[in-house]
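Accompanying notes for the structure given below.
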Amino acid sequence: MNGQGASAPAAGEQRRERDNLALEVVAGPCKTKEAFMAKGASITVGRTKKSTLHLQDSSISERHAILEWVNVSWTIRDLGSSNGTQVNGRDVQPAAEDADGRIRLQAGDLIRLGTRTFLQVTIGPPVPHDMTVEQYLEFECNMLVQRIQARSKFLQQDLRGQAEQLKTRLRQAMPAVS
Numbered sequence: 001m002n003g004q005g006a007s008a009p010a011a012g013e014q015r016r017e018r019d020n021l022a023l024e025v026v027a028g029p030c031k032t033k034e035a036f037m038a039k040g041a042s043i044t045v046g047r048t049k050k051s052t053l054h055l056q057d058s059s060i061s062e063r064h065a066i067l068e069w070v071n072v073s074w075t076i077r078d079l080g081s082s083n084g085t086q087v088n089g090r091d092v093q094p095a096a097e098d099a100d101g102r103i104r105l106q107a108g109d110l111i112r113l114g115t116r117t118f119l120q121v122t123i124g125p126p127v128p129h130d131m132t133v134e135q136y137l138e139f140e141c142n143m144l145v146q147r148i149q150a151r152s153k154f155l156q157q158d159l160r161g162q163a164e165q166l167k168t169r170l171r172q173a174m175p176a177v178s
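Under UniProt numbering, the sequence shown has 15 at position 15, and the numbering climbs by one with no breaks.
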């Protein structure tokens, strides 16, 4: 018990509060769509309306990927999609017999589904109803910083890809110098 008559939360309790998952579509046909999930749940992503996160993008498979709480963190697993899944540019391999194909997610990660849809990962606490205005503003600022950092990663990857395409076109357009 502390001096106020309430005991401080145990370390595990404090950690659990910070394990909620938020996904925001930051690029693609369903831009600005969001999904929120509490620890212990799972989110299926796909083109079918049976998916928890239903995205109308022809480059996404009907059952594209699943995000799950495994042990102590959120993970993503590709469900054998046609156009693949990436986390921060790293391919998520469909599950094989010798591996589960999961990649652990962290706040700020950028997930690419198919060829056009990008999701930003935010992992954080729910907003308590008894928060002061100052606490709420601090919470929102921290969440905004995560979103800005993830968007920055996305823009950097996009610009690098565009620069490589431009270099390739320039090399092809320039006559060979002997």
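All residues carry an ideal CB built from backbone N, CA and C; glycine is no exception.
Three-state secondary structure assigned by DSSP to residue i
i           : result
residue 115 : coil
residue 89  : coil
residue 60  : coil
residue 106 : coil
residue 168 : helix
residue 150 : helix
residue 19  : coil
residue 160 : helix
residue 41  : coil
residue 72  : coil
residue 79  : coil
residue 53  : strand
residue 97  : Its pLDDT being 49, under 50, residue 97 is placed unreliably by the model, and the measurement read from it follows with that caveat. Note: residue 97 maps to coil in three-state DSSP.
residue 137 : helix
Residue burial classification, residue i (beta-carbon count within 10 angstroms, cutoff 16)
i           : result
residue 201 : What the structure shows of the chain is the stretch from 1 to 178, and residue 201 is not part of that stretch, so it cannot be assessed.
residue 120 : buried
residue 160 : exposed
residue 82  : exposed
residue 80  : exposed
residue 22  : buried
residue 77  : buried
Of the listed residues the options, nearest to residue i (C-alpha basis)
i           : options               : result
residue 69  : 82, 38, 166 and 45    : 38
residue 24  : 41, 40 and 45         : 45
residue 67  : 59, 40 and 26         : 40
residue 59  : 47, 52, 53 and 51     : 47
residue 117 : 34, 138, 137 and 80   : 34
residue 75  : 28, 92 and 30         : 92
residue 55  : 134, 138, 31 and 139  : 31
residue 28  : 166, 163, 174 and 158 : 158
residue 87  : 94, 103 and 72        : 103
Contact between the segment 139-158 and the segment 98-108: three or more CB pairs below 8 Å? These segments touch.
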